[in-house]
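K.L.:
Okay, here's the structure, questions in a sec.
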Amino acid sequence: MVKIEACCGSVEEALAAGKVGVDRLELCAGLPTGGVTPSPGMIEESLAANVPIVAMVRPREGRPCPPEADFRASISDVKHCFAAGAHEVITGFLDVEGRIDKERNRALVNAAEGRPIAFHRVFDMVPDMDEALEAVIELGFCRILTSGGQDNVERGLLGLKRLVERAGDRITILAGGGVRLNNARRLVDEARCRELHFSFRAQSKEQGYGGVDDFKPLPERIQQIRAAVS
40 MVKIEACCGS VEEALAAGKV GVDRLELCAG LPTGGVTPSP GMIEESLAAN VPIVAMVRPR
100 EGRPCPPEAD FRASISDVKH CFAAGAHEVI TGFLDVEGRI DKERNRALVN AAEGRPIAFH
160 RVFDMVPDMD EALEAVIELG FCRILTSGGQ DNVERGLLGL KRLVERAGDR ITILAGGGVR
220 LNNARRLVDE ARCRELHFSF RAQSKEQGYG GVDDFKPLPE RIQQIRAAVS
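Structure below.
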C-alpha cells in the first residue's frame with residue numbers, strides 16, 4: 040500500500056487532510072517559502088486531525104547552512120515540537136560545501152532522543168546523492184524527503200528510482216516536490232516509491248494580511264491521488 044503524506048501549512052489544512060484519511064501530515068509554517076518550524080499551538084490544534092504529525096524544524100528561509108544561533112534554535116525546536124505532540128520531526132542541514140553536515144545533524148538526531156526524525160528536501164542540493172544517502176542512513180534518520188536530486192519529481196524520476204534501489208530497506212525514500220495526479224502512478228510503478236508527499240492547497244480569491252496570498256485546502260486532490268495509486 041502506498042502511503043500518502045499531506046504537506047499542511049495551516050491547522051485548517053491539517054484538519055481537512057485528516058477528514059479524507061491521509062497516513063501522515065507534515066506540518067510547517069510559511070509554506071510558500073519552503074516551510075519553517077510551526078508553532079507549538081499549531082501542532083497542538085492539528086492533533087485534532089487524528090493523524091500522525093511530522094513537524095518541520097527549519098529556523099529560517101534561505102541557505103541550508105544557517106548561522107550557529109539559528110542552528111541552536113533548531114535543537115530547541117526539535118524538543119518543543121515533540122513536547123507539543125508531534126510524532127516525528129523533519130529537518131536537516133548541509134555544510135558550507137553543500138554536503139551533509141554530520142556534526143549538526145547528529146546533534147539533531149540526539150535531540151530527538153530516539154524518536155523518529157526524517158531528512159528534508161535540502162537533500163536535493165547535495166553534489167553526490169549516493170554519498171549523502173549513506174551519511175543520512177549512518178546518522179539514524181528514518182526517511183528522506185526528496186525529488187531525486189532535481190527541482191521536481193518529474194525531472195528526478197530516475198534519481199528517485201536509483202535512491203529507492205540503493206536504500207533498500209535501510210531507509211524510506213519519500214517522493215515529494217511536484218507530485219500530481221498525472222505523475223503519481225509513474226512514481227509508484229517506475230521509481231518504486233511507496234510513499235508520496237504533496238500539498239493540496241489552492242490560492243484563495245481573498246488576500247491575507249499585508250497583501251500576501253491566502254490559500255484554501257482542496258482535500259479532493261488527496262482523494263484523487265490516493266485512488267490513482269491504489
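Numbering (my numbering), first residue to last: 40 to 269. Heads up, the beta-carbon is just placed ideally off N, CA and C, and yes, glycines get one too.
Tell me whether residue 113 sits in a helix, a strand or coil according to DSSP, three-state version.
P.N.:
Three-state result, residue 113: helix.
K.L.:
Residue 130 and residue 75: beta carbons closer than 7 Å?
P.N.:
Contact: no.
K.L.:
Kindly indicate the opening and closing residues of the alpha helix (DSSP H) around residue 215.
P.N.:
Residue 215 -> not in any alpha helix (DSSP H); beta strand (DSSP E) instead, spanning 211–215.
K.L.:
Identify the continuous beta strand (DSSP E) that holds residue 234 and give its terminal residues.
P.N.:
Taken as a continuous stretch (DSSP letters only), the beta strand (DSSP E) holding residue 234 covers 234–238.
K.L.:
How should residue 115 be labelled, buried or exposed, when 16 other C-beta atoms within 10 angstroms of its C-beta is the threshold for buried?
P.N.:
Exposed, by the Cβ-count rule.
K.L.:
Where are the beta strand (DSSP E) runs, 3 residues long or more, that stay fully inside the region 85–133, in chain order?
P.N.:
With a minimum length of 3 residues, the continuous beta strand (DSSP E) runs that stay inside the region 85–133 are 92–95, 127–130.
K.L.:
Which whole-angstrom value is the C-beta distance of residue 265 and residue 43, which I expect to be below 8 Å?
P.N.:
Confirmed, about 6 Å.
K.L.:
Determine, using beta carbons only, whether residue 268 and residue 90 come nearer to each other than 7 Å.
P.N.:
The answer is no: Cβ separation not under 7 Å.
K.L.:
What residue range is occupied by the uninterrupted beta strand (DSSP E) comprising residue 230?
P.N.:
Where residue 230 is concerned, there is no enclosing beta strand (DSSP E), given that its DSSP letter is neither H nor E.
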